[in-house]
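Remarks on the structure that follows.
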Amino acid sequence: MSVLLTLLAAIIASGACAYHRSSLRTWAVTTIVVTLVVGLLAGAPRTTVVLLVIELLIAVPLLMIHFRRKNISAPLLKMFAKVTPKLSDTEQTALEAGTVGFEGELFSGKPQWHELLKQPKPELSVEEKAFLDGPVEQLCGMVDDWQITHELADLPPDVWEFIKKNKFFGMIIPKQYGGLGFSALAHSAVLQKLATMSATVASTVAVPNSLGPAELLLHYGSDEQKNFYLPRLAVGEEIPCFALTGPYAGSDATSIPDFGIVCKQVVDGVETVGMKLTFDKRYITLAPVATVVGLAFRLYDPEHLLGDKEDLGITLALLPRSTPGLEIGRRHFPLNVPFQNGPVHGKEIFAPLSTLIGGPHMAGHGWRMLVECLSVGRAISLPSNATGGVRMAVAATGAYARMRKQFGLAVARFEGVEEALARIGGLTYATAALSRATAAAVDRGEKPAVPSAIAKYHATEWGRTIAGDSMDVHGGKAVQLGPKNYAGRAWQGVPIAITVEGANIMTRSLMIFGQGAIRCHPYVLKEMKALSIPDYSERLKSFDDALFGHIGFGISNAVRSFVLGVTGARIGESAGDAYTRRYYRKLNRYSAALALCADTFMGVLGGKLKFKEKLSARLGDVLSYLYIASAMLKRYEDTGRPEADRPLLAWAFHECMWRIQMALDGAIRNFPVRPIAWLLHVLVFPFGRREVPPSDRLGRRVAAIITAPGEARDRLLEWTYLTPTANNTVGRMNELLPDVIAAEPVERKFGKAQKAGQFTSHDYIGQLDEAVKAGVIDPTEAALLKRVREGVFEFISVDDFDPAELRSAVTRADEKKISDAAQRAA
Ligand SMILES: Cc1cc2nc3c(=O)[nH]c(=O)nc-3n(C[C@H](O)[C@H](O)[C@H](O)COP(=O)(O)OP(=O)(O)OC[C@H]3O[C@@H](n4cnc5c(N)ncnc54)[C@H](O)[C@@H]3O)c2cc1C
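Going by my numbering, the final residue of the sequence shown carries number 829, and the count climbs one at a time with no gaps.
Shown next as structure tokens:
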């Protein structure tokens, strides 16, 4: 017994030090003292001596720094250099681009929550609010999405004009160049609101404000280029596009075969150094209407007119549309969301060196320029458009499910529909928080490489889920296209968001964990960087520091993961209020589990992990859900911990935790080295998988929130265009919603009388009159039922068309030709 007690005391002392991340010295002193005191008091001198010898054998060599470096770190450094995969320049650039924010804490296994909660609450300025309430509101009022998507396959001229005149294309351009100089949050809010009315308008506005000529010029342009282009871009005098993708280079954008050869040509009688460019680009947004084309190509200098190097690498230029030989103007047709998109071609066309973004000294730096700017644009455009879409789904589906009656009940009352409504509400809460947190990171000056990938992937994936649920709840109403259908086009266009700016499968499988593991991990990048230090003793010192920090980190995460698993995350550091404290602790648990699994996977599989995409995708999911859950908790704090939002927060939080559990379990179950997988399973899930998806009861509360007006619903519908204008069916549905709800008890009284066969009339209005006469309802109640029935009829109605209206113009022309020929033949 005394032996066991001494052993246990030594283990607990070591475990406590590891849990709290004490230094090696503190661990050595604590463990030795505890072993000595407990061993002697318990009367186990022999065990005490054995344990002390073991402890000293571990502690002394590790604490003798010079000995440790020479005999432990040096051989490990050699091994590490051999097994570490050589990074390509592309990968190196991607890894070095961007900054690390709170996501780094989530990868630490011990997040410092005060770092998150002390971040200022993101808010719009007075000017930005006025823009949302002014020009954005006006633009939303002008949009007829059916006209855009079916009749014109383009924005009408007045909408183009309004967008340009009000500087929608200049949101990220600073005021000194005539732009709006908006914050990322305002930029996001504008896109969200536009997306609630038209995906085509939102995409058109998003592109010039995302990765493209303006962003690139702001960061790398020469003064001359900035002064010329930025004021013109701000007011839409120039319409930009950016052409990177081609038939042979989609996701693998660095493999572009498009090229330029540095050469001399006589231009206007003057010999000019320039480039002969050959390129074949496709899918380029705004290309058909662009006046200036940003172009990515590989530049070669065989005559060494620029320097010694022949293959300069990926280079970016800005070509005016008037450049002789530049072919643009034809259009692609992206899934009935007809924003301008098309191919761009050129064969051996000449462009002077002055067209290079940033000038000739930036030749060959194109990939770095793109990657450095990518995270900012990606953090805003697609997450915001998706968020606008899901907010509108809440407004539309919540109201429709309350007013659409079947089997004598609002369809929202059926449990099957309730399940879909709960997903719509809960995931919208999560998407909105994610989008806001990522925009706020940009406003803090971060270049959020990892969060932008998380936001792009999850906002668009949840957009896809919610669009599907919304369609299902609407039934045939959303299937029949026409001006009255407000849901179909949004659902049709979902795959566009999934594909662009990093197709989602690749973003999940390769980017989130791939970048996150190296960029956010506190030691991996340091270890990798140590390898490239030229001086050996410096290299060894840096490697030794990182390595032993890393080992301590790994042990601590194993202990934390196990302890928090055993206790069901009921102990430990936390933040928040009585309601959310437990949530923070759960995040602590899974943060430690992620760090432990990431280290183990990287340590055992090394460079092979890069090709085990199914494993890295799952670990990326864990990081993502930790980030999203943190964003929701921050949002809850920023809004003053509103009680009304708790069902939404709870639903989304439990969904995230359940998904984390499934992702971790999947990763561990499929880890190829089985004994390590078993050990990980014990450390991560000591009592098995205990998380459960949000309960049906919670789902019912969320469904209730989105189907009735209220403060929590209002917050979900922030930046949603709900003005009940003629072009906004959903706005008008929401205007009628309070009446629909007020009519429900009256309908029950009326329905009872109907069922009891009290009325002789077969007509609804006739029955209302009879109900009033019989005193079943009073005249005001009858008027309410009549008003609601008429209102609802408008919203459940769908369009029908003359067959000729649905044929494309080309078909109609062909038919005429055929009938003319038939007549001639007759
Ligand atoms: C409507 C629209 C607008 C666009 N606008 C522009 C624009 O303005 N400018 C521009 O330059 N480009 C633009 N693009 C291009 C867009 O960014 C690319 O389509 C995108 O990068 C994907 O390339 P791809 O379509 O050729 O798919 P592919 O690269 O052929 O990918 C096919 C599938 O393979 C997956 N995949 C590829 N590599 C990996 C990997 N390593 N691991 C796991 N999965 C992988 C992808 O996720 C995808 O699911 C646009 C595209 C569309 C559809």
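C-beta: ideal position from N, C-alpha, C; glycine also.
Keep in mind it's a predicted model, so treat the numbers as computed, not measured.
**Study point:** Cβ shell of Thr96 (< 8 Å), same chain only, five flanking positions each side left out
**Key:** In the same chain as Thr96, and ignoring 5 residues on each side of it, the C-beta atoms closer than 8 Å to its own belong to Trp370, Arg371 and Val374, in chain order.
Review point. Apart from the five residues on each side of it in sequence, which residues of its chain come closer than 8 Å, Cβ to Cβ, to Lys544?
Key: Residues Arg72 of the same chain have their beta carbon placed closer than 8 Å to that of Lys544, with the five preceding and five following residues left out of the count.
Practice item. Run through the segment 744-802 for me and flag every whole alpha helix (DSSP H) of 4 or more residues, listed as ranges in chain order. Key: The segment 744-802 contains, as complete alpha helix (DSSP H) runs of 4+ residues, the segments 767-776 and 782-799 (chain order).
Practice item. Could you pull out every residue in the same chain whose Cβ sits closer than 6 Å to the Cβ of Ile176, ignoring the five residues on either side in sequence? Key: The residues are Gly182, Ala217, Leu233 and Ala237.
**Study point:** For Thr726, three-class secondary structure by DSSP
**Key:** Coil at Thr726, not helix or strand.
Exercise for review: Report the residue ranges of all beta strand (DSSP E) runs contained in full by the segment 347-384; include only those spanning at least 3 residues, in chain order.
Suggested key: Look at the segment 347-384 and you find no whole run of beta strand (DSSP E) that is 3 residues long or longer.
Check your understanding: Taking Cβ to Cβ, would you say Tyr526 is nearer than 7 Å to Gly552?
Key -> Their beta carbons are under 7 Å apart, which means Tyr526 touches Gly552 by this criterion.
Check your understanding: How about Thr463: is its Cβ closer than 6 Å to a heavy atom in ligand 1?
Key -> No; taking the cut-off as 6 Å, the Cβ of Thr463 has no heavy atom of ligand 1 nearer than that.
Check your understanding: If you run the structure through DSSP and keep just helix, strand and coil, what is Lys544?
Key -> In the displayed model, Lys544 falls within a helix according to three-state DSSP.
Review point. Between which two residues does the alpha helix (DSSP H) carrying Asp226 extend?
Key: Looking at the DSSP string, the run of the alpha helix (DSSP H) that includes Asp226 is Asp226 to Ala237.
Check your understanding: Tell me, which residues are paired with Ile287 by DSSP?
Key -> Per DSSP, Gly345.
Check your understanding: Taking the DSSP output, what are the residues bridged to Gly314?
Key -> According to the sequence shown, residue 314 is Asp rather than Gly. Among the bridge pairs identified by DSSP, Asp314 is matched with Tyr303.
Practice item. Just the C-alpha distance for Ala680 and Phe110, rounded to the nearest angstrom, thanks. Key: Computed Cα separation, rounded: 20 Å.
Check your understanding: Could you give the distance in angstroms between the alpha-carbon of Lys267 and the alpha-carbon of Pro260?
Key -> The alpha-carbon atoms of Lys267 and Pro260 are separated by roughly 22 Å.
Exercise for review: Pick helix, strand or coil for Val503, following the three-state DSSP scheme.
Suggested key: Coil at Val503, not helix or strand.
Point to revise | Sub-7 Å separation of Ala205 and Leu197 beta-carbons | key: In this structure, Ala205 sits near Leu197, with a CB-CB distance shorter than 7 Å.
**Study point:** 4 or more residues per run - each alpha helix (DSSP H) lying fully within the segment 530-586
**Key:** The alpha helix (DSSP H) runs lying completely inside the segment 530-586 and spanning 4 residues or more are 539-569, given in chain order.
Review point. Can Val775 and Lys752 be called in contact, C-beta distance under 7 Å?
Key: Contact flag unset, no.
Point to revise | Span of the alpha helix (DSSP H) around Pro696 | key: It is not in any alpha helix (DSSP H) - Pro696 carries neither H nor E in the DSSP assignment.
**Study point:** CB contact check: Ala12 to chain B, cutoff 7 Å
**Key:** The question asks about chain B, but that chain is absent: this structure has only one protein chain.
Check your understanding: Can you give, in chain order, each stretch of the alpha helix (DSSP H) that sits fully within the segment 381-410 and has at least 4 residues?
Key -> Look at the segment 381-410 and you find no whole run of alpha helix (DSSP H) that is 4 residues long or longer.
Exercise for review: Name, in chain order, the residues that DSSP records as bridge partners for Met278.
Suggested key: Paired residue(s): Val265 and Ala354.
Check your understanding: Does the pairing of the segment 286-296 with the segment 338-348 give three or more beta-carbon distances under 8 Å?
Key -> A contact exists between the segment 286-296 and the segment 338-348.
Review point. So which of Pro327, Thr390 and Thr318 has the shortest CA-CA distance to Leu356?
Key: For Leu356, the nearest C-alpha among the options comes from Thr318.
Practice item. Please work out which residues of its chain come closer than 8 Å, Cβ to Cβ, to Pro741, disregarding the five sequence neighbours upstream and downstream, and give them in chain order. Key: Cβ neighbours of Pro741 beyond the five flanking positions: Pro712.
Point to revise | Per DSSP, the bridge partner or partners of Leu321 | key: The bridge partners DSSP lists for Leu321 are Gly297.
Point to revise | Burial state of Val445, where buried means 16 or more other Cβ atoms lie within 10 Å | key: Buried, because 16 or more other Cβ atoms sit within 10 Å of the Cβ of Val445.
Point to revise | Contact test: Leu247 Cβ vs ligand 1 heavy atom, cutoff 6 Å | key: True, at least one ligand heavy atom lies under 6 Å from that Cβ.
**Study point:** Those residues which DSSP pairs with Thr102 across a bridge
**Key:** According to DSSP, which records beta bridges pairwise, Thr102 is partnered with Pro451.
Exercise for review: With a cut-off of 8 Å on the beta carbons, I'd call Gly3 and Thr29 a contact; round off their distance for me.
Suggested key: The requested residue 3 does not occur in the structure, where the chain is confined to residues 4 to 829.
Check your understanding: Just the Cα atoms here: how many angstroms apart are Ser325 and Ile352?
Key -> As the crow flies, the alpha-carbon of Ser325 is around 12 Å from that of Ile352.
Review point. Does the Cβ of Gly253 lie closer than 6 Å to at least one heavy atom of ligand 2?
Key: Ligands displayed in this structure: ligand 1; ligand 2 is not among them.
**Study point:** Neighbour-count burial assignment, Thr783, 16 or more Cβ in a 10 Å radius
**Key:** Label assigned to Thr783: exposed.
Check your understanding: What three-state label does DSSP hand Glu330 in the structure shown?
Key -> Strand.
**Study point:** Own chain partners of Lys487 with C-beta closer than 7 Å, once the 5 adjacent residues on each side are dropped
**Key:** The answer, listed in chain order, is Thr732, Ser800, Val801 and Asp802.
Point to revise | Three-state secondary structure assigned by DSSP to Ala596 | key: Here Ala596 sits in helix by DSSP.
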